[in-house]
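When we follow our numbering, the leftmost residue of the sequence shown carries the number 128, and every step to the right adds one.
The C-beta atom is built at its ideal place from N, Cα and C for all residues, glycine as well.
Worksheet: one structure, shown below.
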Amino acid sequence: MPIRPTRLLLLLLPALVAAWPACAEEVRTLTLDQALAIAGERNRAIALAAEFRNRAEGFYVAERAAALPRLTARGTLARGDDDLPGTPHYDRRAAALQLDQALFTWGELQAAVRAAQINLQSADERVRASRQDALREAATAFYDVLLARELNDVFSANLAQKNRRLGEARQRQAVGLATDYDVLVAEVAEANARPEVVRTANLIRSRRDRLRLVLGSDAAVDAAGSLAAEPAAPPAYDTALAVARERRPELRDLRHRLAIAGELVTVARAGDKPRLDLNGVYGREEIETPDNRNDANRWEVGLTFSWPLFDGLKTRGRVQQAKSDLAALRIDEQLLLDSVALEVRETIDRMQVAIELVRALDDTVTQADRLLRLAEKGFEYGVKIRLEVDDAELNLRQARSSLAQARRDYLVAGIDLARAMGILGEETFPGLAVSPAAPHLSTTGAN
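Written as structure tokens, this is what we have:
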């Protein structure tokens with residue numbers, strides 16, 4: 128029987144949808160390592176954190192300048208006149224260098240410099256946090272592309288099988304072994320299998336666009352690889368939490384901010400304390416009138432002592448504010464510790480569930496595939512009905528889809544656990560095996 132143009136178009140539609148991005152523009156296929164490298168270089172959140180680090184470095188330089196000597200050049204060129212009788216007008220010219228150096232500030236300058244230096248370390252932790260977030264987002268988007276492709280493969284295989292059975296039904300009808308009803312059933316089954324192929328083909332395209340957005344790439348990208356991975360047990364909760372308390376960027380940043388807040392209390396307390404400064408001036412001054420001209424070199428060195436005896440309780444108010452900020456940061460630290468502990472626990476649980484599902488579904492797919500072969504053979508010999516074959520196909524399709532989802536969940540859970548511990552994309556630890564490309568954590572024993 129010749130294929131009608133409309134049916135030919137329907138047959139080619141999934142392939143056209145899947146191939147559309149490649150036809151529209153050149154697609155760059157990336158491995159996970161390449162995707163993570165691009166994310167680390169181009170991610171805008173990392174660039175923003177790097178600019179914050181540059182700002183912190185400028186703040187440190189500015190604060191350190193207060194403890195260094197200041198040398199100022201001054202020049203004066205003036206003309207004056209008095210209304211008093213007999214007082215001529217005069218011209219005054221002067222040039223001088225002035226030196227100012229703080230000698231003793233009751234710890235204010237030293238504390239400010241230390242706070243600015245700690246702020247640099249805080250900025251470094253923000254860069255670390257942004258980089259790990261970018262790696263996690265990129266890896267998740269990468270695995271989502273692989274999942275969409277595997278789901279498309281499952282439904283494409285199902286559609287191919289329906290097409291094959293439709294062809295068989297038409298051949299059997301041609302020789303009188305099948306009725307119009309049998310052909311109609313095969314046509315309906317083939318038509319029902321097509322929407323999922325189109326949907327998953329479109330899902331591949333949208334997931335590629337998501338990956339492209341995450342990577343900040345100008346060209347279209349695609350993911351190369353497989354979701355298949357040997358499940359490895361996650362670390363014990365106590366081990367993972369200990370690493371997270373030590374390496375989590377947000378916790379380290381908060382501890383740096385606590386140290387800064389302590390230094391700011393010292394700065395505030397120095398507001399009503401005495402201070403001592405060194406001052407020096409060296410220069411030359413000329414005064415010229417119509418009848419006379421005087422010029423001389425001038426220098427002066429001295430110490431300036433100042434003590435604000437009463438500032439209207441301004442210093443007391445600033446100290447109270449600084450202590451309140453310090454206490455609030457300590458509360459934030461406890462809240463963040465509780466949040467990190469919960470995140471580590473939930474991520475380990477998700478990883479364990481995914482491992483159990485992957486191991487169980489591996490066997491289920493094998494059994495469902497064997498069941499389908501038996502059902503098809505039984506239908507061929509007339510001992511099975513079409514409904515049993517359809518049930519076997521449905522079971523196999525669901526098992527393969529669930530296995531692909533479980534494998535993706537396992538890989539993403541490994542990424543999330545490495546991020547929760549603060550070690551994603553960084554050095555490995557004793558008992559832990561972590562790399563940016565394979566962020567699975569393994570250790571002996573798990574809670």
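Quiz prompt | CA-to-CA distance, residue 367 to residue 471, given in whole angstroms | solution = Mapped onto the sequence shown, residue 471 falls at position 344. Mapped onto the sequence shown, residue 367 falls at position 240. Each residue's alpha carbon lies about 7 angstroms from the other.
Quiz prompt | DSSP beta-bridge partners of residue 421 | solution = In the sequence shown, residue 421 corresponds to position 294, counting from 1. The partner list for residue 421 (beta bridge, DSSP) reads 414.
Quiz item: Would the stretch 413-432 and the stretch 475-483 be scored as touching if the rule is three or more Cβ pairs under 8 angstroms?
Solution: no
Exercise. Counting only the same chain and skipping the five closest in sequence on each side, list residues whose C-beta sits under 8 angstroms from that of residue 184.
Key: Reading the sequence shown from its first residue, position 57 is the one you call residue 184. The answer, listed in chain order, is 247 and 250.
Self-check item: Buried versus exposed call for residue 259 [16 or more other C-beta atoms within 10 Å across all chains shown]
Solution: Position 132 of the sequence shown, counted from the first residue, corresponds to residue 259. With 16 or more other Cβ atoms within 10 Å, it is buried.
Quiz prompt | residue 431 versus 231, 165, 544 and 263, residue with shortest Cα-Cα distance | solution = Position 304 of the sequence shown, counted from the start, is the residue given in the question as residue 431. Nearest C-alpha to residue 431: 231.
Quiz item: Helix or strand or just coil, what does DSSP make of residue 432?
Solution: Along the sequence shown, read from residue 1 onward, the residue named residue 432 stands at position 305. In this structure, residue 432 counts as strand in the three-state DSSP scheme.
Quiz item: What runs of the beta strand (DSSP E), each 3 residues or longer, lie entirely inside the stretch 201-253?
Solution: 217-231
Self-check item: With 16 other Cβ atoms within 10 Å as the buried cut-off, status of residue 128
Solution: For the purposes of this step, residue 128 is taken as residue 1 along the sequence shown, with counting starting at 1. Only weak support is given to the placement of residue 128: the predicted model assigns it a pLDDT of 44, under 50, and the value that follows is read from those uncertain coordinates. Under this definition residue 128 is an exposed residue.
Quiz item: Among 153, 220 and 236, which residue has its Cα nearest to the Cα of residue 402?
Solution: Translated into the one-based positions of the sequence shown, residue 402 becomes position 275. Ranking 153, 220 and 236 by Cα distance to residue 402 puts 236 first.
Exercise. Determine the burial state of residue 504: buried for a count of at least 16 other Cβ atoms within 10 Å of its Cβ, exposed for fewer.
Key: Numbered from its first residue, the sequence shown carries residue 504 at position 377. Residue 504 should be labelled exposed.
Self-check item: Straight-line Cα distance separating residue 546 from residue 518
Solution: The residue given as residue 518 occupies position 391 in the sequence shown. The residue given as residue 546 occupies position 419 in the sequence shown. Cα-Cα distance, rounded: 42 angstroms.
Self-check item: Delimiting residues of the beta strand (DSSP E) encompassing residue 350
Solution: Within the sequence shown, residue 350 is the residue found at index 223, counting from 1. Residue 350 -> beta strand (DSSP E) spans 347-350.
Quiz item: Do residue 252 and residue 413 have their C-beta atoms closer together than 9 angstroms?
Solution: On the sequence shown, residue 252 is found 125 positions in, with the first residue counted as 1. On the sequence shown, residue 413 is found 286 positions in, with the first residue counted as 1. Not a contact, by the Cβ cut-off of 9 angstroms.
Quiz item: Are the stretch 519-531 and the stretch 263-278 in contact at 8 angstroms, needing three or more beta carbon pairs?
Solution: yes
Quiz item: Helix, strand or coil: how does DSSP classify residue 285 here?
Solution: Working through the sequence shown from its first residue, we reach residue 285 at position 158. The answer is helix: DSSP assigns residue 285 an H, G or I state.
Quiz prompt | Inter-residue CB distance, residue 514 and residue 496 (contact presumed, cutoff 8 angstroms) | solution = Indexing the sequence shown from 1 puts residue 514 at position 387. Indexing the sequence shown from 1 puts residue 496 at position 369. At roughly 19 angstroms, the Cβ-Cβ gap does not stay under 8 angstroms, so residue 514 and residue 496 are not in contact.
Practice problem: Taking 8 angstroms as the threshold, find out whether the stretch 190-206 comes into contact with the stretch 356-375 through three or more Cβ pairs. | Solution: no
Self-check item: 8 angstroms Cβ shell around residue 450 - same chain, five flanking residues per side excluded
Solution: Stepping through the sequence shown from its first residue, residue 450 is reached at position 323. 392, listed in sequence order.
Practice problem: On a CA-only basis, which of 338, 384 and 549 is nearest residue 268? Give me that one, please. | Solution: Within the sequence shown, the letter at position 141 stands for residue 268. Of the candidates 338, 384 and 549, the one whose C-alpha sits nearest the C-alpha of residue 268 is 338.
Self-check item: Per DSSP, the bridge partner or partners of residue 409
Solution: By one-based count along the sequence shown, residue 409 stands at place 282. Answer is 224 and 426, bridged to residue 409.
Quiz prompt | Residue interval of the beta strand (DSSP E) (run including residue 155) | solution = Taking the first residue of the sequence shown as position 1, residue 155 is located at position 28. It spans 154-157 - the beta strand (DSSP E) in which residue 155 sits, taken as one unbroken run.
Self-check item: Chain-order list of residues whose beta-carbon lies under 8 angstroms from that of residue 372 (same chain, five-residue window excluded)
Solution: Within the sequence shown, numbered from 1, the residue matching residue 372 stands at position 245. Counting only Cβ-Cβ distances below 8 angstroms, and skipping sequence neighbours, we find 378, 464 and 467.
Practice problem: Determine the closest residue to residue 223 out of 202, 217, 229 and 207, with distance taken between C-alpha atoms. | Solution: Taking the sequence shown and counting its residues from 1, one reaches residue 223 at position 96. When each option's Cα is compared against that of residue 223, the closest is 202.
Quiz prompt | Beta-carbon spacing of residue 458, residue 245 below 9 angstroms | solution = Indexing the sequence shown from 1 puts residue 458 at position 331. Indexing the sequence shown from 1 puts residue 245 at position 118. No, Cβ-Cβ distance for residue 458 and residue 245 is not below 9 angstroms.
Quiz item: If you draw a straight line from the alpha carbon of residue 484 to that of residue 541, how long is it in whole angstroms?
Solution: Here residue 484 is taken as the residue at index 357 of the sequence shown, counted from 1. Here residue 541 is taken as the residue at index 414 of the sequence shown, counted from 1. Whole-angstrom Cα-Cα distance: 15 angstroms.
Practice problem: Give me the Cα-Cα distance between residue 238 and residue 273, rounded to the nearest whole angstrom. | Solution: Looking up residue 238 in the sequence shown gives position 111. Looking up residue 273 in the sequence shown gives position 146. Spanning the two alpha carbons is a distance of roughly 53 angstroms.
Quiz item: With a Cβ-Cβ cutoff of 9 angstroms, do residue 408 and residue 228 count as a contact?
Solution: On the sequence shown, residue 408 is found 281 positions in, with the first residue counted as 1. On the sequence shown, residue 228 is found 101 positions in, with the first residue counted as 1. Going by C-beta atoms, residue 408 is not nearer than 9 angstroms to residue 228.
Quiz prompt | Beta-carbon spacing of residue 543, residue 480 below 9 angstroms | solution = Position 416 of the sequence shown, counted from the first residue, corresponds to residue 543. Position 353 of the sequence shown, counted from the first residue, corresponds to residue 480. Cβ distance not < 9 angstroms, so residue 543 and residue 480 don't count as in contact.
Quiz item: Which residue or residues does DSSP assign as beta-bridge partners of residue 403?
Solution: Here residue 403 refers to the residue found at position 276 of the sequence shown. Answer is 231 and 432.
Exercise. Pick out the complete alpha helix (DSSP H) segments inside the stretch 249-326, 4 residues or longer, and give them in chain order.
Key: none
Quiz item: Cβ of residue 437 within 9 angstroms of Cβ of residue 404?
Solution: By one-based count along the sequence shown, residue 437 stands at place 310. By one-based count along the sequence shown, residue 404 stands at place 277. Not in contact: residue 437 and residue 404 (Cβ atoms no closer than 9 angstroms).
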